[in-house]
Structure formats: C-alpha cells, structure tokens
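Residue numbers for the sequence shown follow our numbering, so the first one is 1 and each next one is one higher.
Backbone N, C-alpha and C fix where the C-beta goes; we use that ideal spot for every residue, glycine too.
These numbers come from a predicted model, not from an experiment.
Comments concern the structure below.
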Amino acid sequence: MTDHYAVVGKPIAHSKSPLIHRLFAQQTDQDLEYRAELGDSVNFEEQVSKWFALGLRGLNVTLPFKERALALASKKTARALLAGAANTLRLDQNAGGLEADNTDGIGLMRDLQERLGFAIQDKRILVLGAGGATRGILGPLLEAGPARLVITNRTEERAITLVQAMQTAMNATALTFNSQAQLAQHNEGFDLVINATSTSLSGDVPEVPDCIWASHTMAYDLAYTPSGETSFLVFAQSHGVKNCADGLGMLVEQAAEAFYWWRGVAPDTSAVLKQTRILLAA
Ligand code: ATR
1 MTDHYAVVGK PIAHSKSPLI HRLFAQQTDQ DLEYRAELGD SVNFEEQVSK
51 WFALGLRGLN VTLPFKERAL ALASKKTARA LLAGAANTLR LDQNAGGLEA
101 DNTDGIGLMR DLQERLGFAI QDKRILVLGA GGATRGILGP LLEAGPARLV
151 ITNRTEERAI TLVQAMQTAM NATALTFNSQ AQLAQHNEGF DLVINATSTS
201 LSGDVPEVPD CIWASHTMAY DLAYTPSGET SFLVFAQSHG VKNCADGLGM
251 LVEQAAEAFY WWRGVAPDTS AVLKQTRILL AA
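Quick look at the structure:
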C-alpha cells in the first residue's frame, strides 16, 4: 500500500521537498507519495490533525509554521526542543499523538562536514542572523566543538537574547555575541562564515566589516539557487573567498534525515543533490 507524506508551508509552491522526496523514494524503491499543502494561518493545527487522521504518515513543515508544529506535538526530540521549532512530524506509534523532530541542523552538519569536508572542531565560525534559521543550526554547530562561534545580527537585541538562551541550554562557552563594532576589531578572518539571514532571498547582503574574510574562509549561505550562486556568495568572492557553498546540500540532507526518521532507510544524498541541481536549472 502506498504511504502518504506532505510538506506544509505558506507559501508552498516554491518547495523543493516533493521533488527531493520523490527522488529518494525512487532511489530506495519505497512505495510512497509526497505532496505539497498550502498551510492555513488560522487553522494550521486543525489541518495537520485532519491529515494525520486521514492516514498521513509524515509531514514536513516549513515557514512560517515550524514553531506551531513543535507546539502541536506531544513528543519532541531534544534537537527540536533546542531549536524551538520542528520541520518534521510523524505519528507517535505508542502514545497516538504527534512526534516532532528538527533535521535542519543535522542537515547543515552533514553537508558541511561530510560532503564538503569542513571539520567544525576547533574552527572559528561566524553566523550572520539571529532568526529561526540560526536557532535551528546553533545546537549541532556547538556540539561539533568549534573554538569560537560568534553571532551577529542587524537587530542586536535579538542575537543577544538568542546567545543567552543557547548558553543556558548548552553551557556553551564558545558561543558569543558580537556587535558590528566588536566584529570590526577581529584581526584575523573567520574559518567559516554562515549566512543565516534572509538577505539572499531579495538579492541583498548583510552589512559586515571586511576583516571577517580571509583567503582560506569558507562562505556558506543557507539560501540556494539553481546555479549555486547567491548574492552573499558573490559578495564573499569579491572579498577573495574561493570556498563557497549554497544551502541546497543542506536542504537535501535535512530531507534525507526526515526520510530516514519516517522510513528507516537512508538515501544516497549526493546522487539526489546532483539530480536536484540539474532539475532546478532546467
Ligand atoms: P528565518 O526564520 O529565515 O531566520 P527570520 O526569523 O525572519 O527568518 O530572520 C531573518 C534574519 O535575517 C534576521 O536575522 C534578520 O535580521 P533582523 O533580526 O535584524 O530582522 C536578517 N535580515 C533580514 N534582512 C536583512 C538585511 N537587509 N540586512 C541584515 N539582516 C537582515
């Protein structure tokens, strides 16, 4: 019997999750269908309950419903609690309620550490932005043992609040907030600069001082494009950065982790990333 899965968001038409999960299903010979659903801002909880009551096996959740998805679940993984948001739901087989997970952070870590071969341990890392995307990746980044993890944000209070919450939750001494002025005082570039702001979606770039860059810096944008080039990565290249990656690899990896959580089968993500890139560009 065919099992049914979906992704919900608002907007949702742009979502690549149906494509990626269909490629996983083909590759691993799993009998499933995966559809996109437009979320209802008022009745999101009722929508989700109805889909599961009708037999849905699993749901991915994207903006702006990730916090509500976490709240809806009776069982939550540690990484979803730490992120304060869920991107994946399934039925809790024992209790009958919903179980929530967050695979975004592990998706980034797999892409960075395994596919791109960038080891976080003992590295100096800068994260730009302090919204939901940043919150989702901080836990796994800190667990990988960076020497320093600096967060900066246009709205300073937001980054300060996030850093304080994560320091309390994880006892993370490597984690610090930097204002623009503090950032400008660094006298060596970072090993890795992650753009977790939404600026690339509008072709903008966040304001950062030139000293964050070094020739060995890797620039990673959570946003992605078919070609792999984003406004942030072009900006990094203009400062001499050669090692760049967009977030399509993370998107495929977070999907693979969700697929594994639902099906117990791990797809070959490098093949699907290649296929996805080709299909997006077509
Ligand atoms: P997400 O869930 O994708 O993180 P979000 O919670 O709206 O979305 O956060 C967007 C992030 O991009 C924030 O860090 C935001 O900065 P503010 O907290 O100051 O709003 C950042 N951002 C958006 N546009 C920006 C811009 N033009 N320059 C710098 N940062 C920007």
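Same chain, Cβ closer than 8 Å to residue i, five either side skipped, listed in chain order
i: Q113; result: A119, I120, A144
i: R22; result: Y34
i: K75; result: D92, A95, G97, L98, E99, A100
i: I160; result: F177
i: P146; result: I120, Q121, D122, K123, R124, I125, A174
i: T77; result: E99, A100, D101, N102
i: S15; result: V7, G9, A36, T62
Which listed residue (the options) has its alpha carbon closest to that of residue i
i: V208; options: Q180, Y224, F44, H216; result: Q180
i: Q2; options: K10, S49, R35, L162; result: As written in the sequence, residue 2 is Thr, which differs from the Gln given in the question. Residue R35 is the option with its Cα nearest to T2.
i: R148; options: A80, K16, T173; result: T173
i: A135; options: D122, I151, P146; result: Here the sequence assigns Arg to residue 135, which means Ala is not the residue at that position. With distances taken between Cα atoms, R135 lies closest to I151.
i: A255; options: N102, H186, Q93, L38; result: N102
i: L363; options: G117, T230, D40; result: Beyond the ends of the chain as shown, which are 1 and 282, falls residue 363; an answer cannot be given.
i: S215; options: S227, T230, A223, E188; result: E188
i: L183; options: D210, N60, T168, D104; result: D210
i: G39; options: K10, L201, S17, T28; result: K10
i: K307; options: F235, L201, A223, G131; result: Within the shown structure, residues of the chain are numbered from 1 to 282, placing residue 307 beyond reach of any answer.
i: R68; options: G55, F44, V205, L54; result: F44
i: P64; options: L141, S200, A133; result: A133
i: G228; options: C244, G240, F235; result: C244
i: M250; options: V7, T155, R277, G264; result: R277
i: M170; options: P140, S41, V234; result: P140
i: L233; options: E257, D204, A258; result: D204
i: A86; options: T168, P146, V8; result: V8
i: T62; options: S17, N195, F235; result: S17
i: I194; options: S202, E257, G105; result: G105
Contacting residues, own chain, Cβ-Cβ under 7 Å from residue i (five flanking each side not counted)
i: F190; result: R124, I125, L126, I212, T217
i: E253; result: G107, R110, D111, T269
i: Y260; result: A266
i: E156; result: S179
i: R263; result: Q30
i: A80; result: L70, A86, A100, D101, N102
i: W51; result: A6, L59
i: Q275; result: L23
Whole-angstrom C-beta distance between residue j and residue i, which should lie under 8 Å
i: E33; j: H4; result: 5 Å
i: L89; j: L59; result: 4 Å
i: Q26; j: A271; result: At roughly 10 Å, the Cβ-Cβ gap does not stay under 8 Å, so Q26 and A271 are not in contact.
i: A219; j: S200; result: About 11 Å separates the two Cβ atoms, so there is no contact after all.
i: L128; j: T197; result: 5 Å
i: P206; j: R154; result: 7 Å
Cβ-based neighbour list, residue i, same chain, cut-off 6 Å, excluding 5 preceding and 5 following
i: L138; result: M166
i: K230; result: One detail in the question is off: residue 230 reads as Thr in this sequence, not Lys. If we look at T230 and ignore the five residues flanking it on each side, its Cβ neighbours are S200, D221, A223, D246.
i: N178; result: V150, T152
i: L280; result: P226
i: R115; result: G249
i: E37; result: A6, V8
i: G84; result: R135
Residues sharing a beta bridge with residue i, DSSP
i: R124; result: R148
i: H239; result: None; H239 has no bridge partner.
i: F177; result: I151
i: E99; result: K75, R90
i: H4; result: E33
i: V61; result: V8
i: I194; result: V127, Y220
i: L142; result: Per DSSP, none; premise fails for L142.
i: L38; result: G9
With 16 other Cβ atoms within 10 Å as the buried cut-off, status of residue i
i: D31; result: exposed
i: D246; result: buried
i: A13; result: exposed
i: V48; result: buried
i: L56; result: buried
i: V241; result: buried
i: V42; result: exposed
i: A236; result: buried
i: A282; result: exposed
i: L162; result: buried
i: L72; result: buried
i: L273; result: buried
i: A258; result: buried
Residue i beta carbon near the ligand ADP (any heavy atom closer than 8 Å)
i: T173; result: The ligand ADP is absent from the structure shown, which contains only the ligand ATR.
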